[in-house]
Each structure stands twice: as C-alpha cells, then as structure tokens.
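Remarks on the structure that follows.
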Amino acid sequence: MKKLIPFVIALSFFISAKSLAVNKSNFVTAPEVDRTLTVNLSIPSGTVLDFVTDPLNFLYDKIDIESYLRNNKDANQFIFVIVSDLGTGRAVFNRKGKLVRTRLNFENILAPRDVRLEVFEDYPGWIVKKVKFKAWGKKDAMTKNIYKFTLERDGEKKEVKYIR
1 MKKLIPFVIA
11 LSFFISAKSL
21 AVNKSNFVTA
31 PEVDRTLTVN
41 LSIPSGTVLD
51 FVTDPLNFLY
61 DKIDIESYLR
71 NNKDANQFIF
81 VIVSDLGTGR
91 AVFNRKGKLV
101 RTRLNFENIL
111 APRDVRLEVF
121 EDYPGWIVKK
131 VKFKAWGKKD
141 AMTKNIYKFT
151 LERDGEKKEV
161 KYIR
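Here this note's numbering is used: the first residue of the sequence shown is 1, the next is one more, and so on.
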C-alpha cells in the first residue's frame, strides 16, 4: 500500500500536467468579419454577345479591379454583378484581385456561330425560338457553358442542350 500511494500521486501529477498543456485546437478563433463589396454594373444589350463569347476578357476590360483594391483595403472580396435586360453575370474577386469564380445566366441571346451551326445541322427545318445560356467558371477559366435551345417546327416544340 505504501508503494501504491506514491505511484498514484505521481500518476495524478502526470495527468494534471497533460491536461494543463496548451492545446491550440481547443481555442476558438474569432470568425473573420465578412467585408464583401458588391458592385452592380449595367451593360447595354448590344455588348452581351461580347460578354457571353469571352466573359473573362470582358471582365478584365470593363472592371478596374486595382482601383477597387486601392480604394477598399478592408474588403475581403469583391462581387461584381453585371446586369442587362437579357440576364445577369456575377464575378467574385478575392482581396488580392484574383478572379475566384464566375457565373452567367442569359436568355434570348445570339449563341456563338459554331454552336448555332451545330444546331442547324442537327435539326434541319427547325426554327430557334429561344436560347438560354448558363456558364460557370473558377479562377481564370470557364468550366461549363450550357446553351439550351427551344426549337419549333409544325407546331411541335423541342428543347435541346449543348454543353461546351
């Protein structure tokens, strides 16, 4: 029994020291305050085709991100909402001015020539009634472009989708 008591005391000191050791994972860090600057940009319908055809170059030509960085140093991210009567686009830049993601959603646009030609070859005699365009991108690349065509012939309607 006399040998057991010092062992128990030593063991309790060891356990106490272990529990007092600083474990950084137990600390809760304050969440970073979201300082998002949202800018609405209106574009005329005539420039929508330029935007849809090459959205990344269009964004870099129309948005002076460096100016926004200089004038809004406390912002975490910048969201540019591009608005037209044909649809909207959204581009998110981080605090370093790098493009993070892009999303486009337009209706009744003129699809790029190669896509139109493919539709006309695949569906001869059909008339294009409506075109919807959606696209997503990450960083400096558009990862998915979807064109939905509503076609009509002799009272019959059909929806077809082309993914690029």
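Where a beta carbon is used, it is the ideal one built from N, C-alpha and C, also for glycine.
Owing to the predicted nature of the structure, the values given are computational and were not obtained by experimental measurement.
Is DSSP giving Y147 helix, strand or coil here?
strand
For I79 versus T38, is the C-beta spacing smaller than 8 angstroms?
T38 is positioned such that its CB atom lies closer than 8 angstroms to that of I79.
Consult DSSP for R116 and reduce its assignment to one of helix, strand or coil.
helix
Smallest Cα separation from I146: which of R103, G137, K161, K138?
K161
Could you tell me if T88 is buried or exposed, where buried requires 16 or more neighbouring beta carbons within 10 angstroms of its beta carbon?
exposed
Please state whether the Cβ-Cβ distance between R101 and G46 is less than 8 angstroms.
No, these two residues do not count as a Cβ contact at 8 angstroms.
Quick check on G97: does DSSP put it in helix, strand or coil?
coil
Give the straight-line distance between the Cα atoms of K134 and R103, rounded to the nearest whole angstrom.
7 angstroms
Rounded to the nearest angstrom, what separates I109 and K98 at their Cα positions?
Those two C-alpha atoms are separated by around 28 angstroms.
At what residues does the alpha helix (DSSP H) containing S67 begin and finish?
Its alpha helix (DSSP H) spans residues 65-71.
Mind checking which residues open and close the alpha helix (DSSP H) that includes K62?
55-62 is the span of the alpha helix (DSSP H), which, as asked, contains K62.
Which residues in the same chain as F51 place their Cβ atom closer than 6 angstroms to its Cβ, once the five residues preceding and following it in sequence are excluded?
By the criterion of a C-beta distance shorter than 6 angstroms, F51 is surrounded in its chain by F58, once the five residues flanking it on both sides are discounted.
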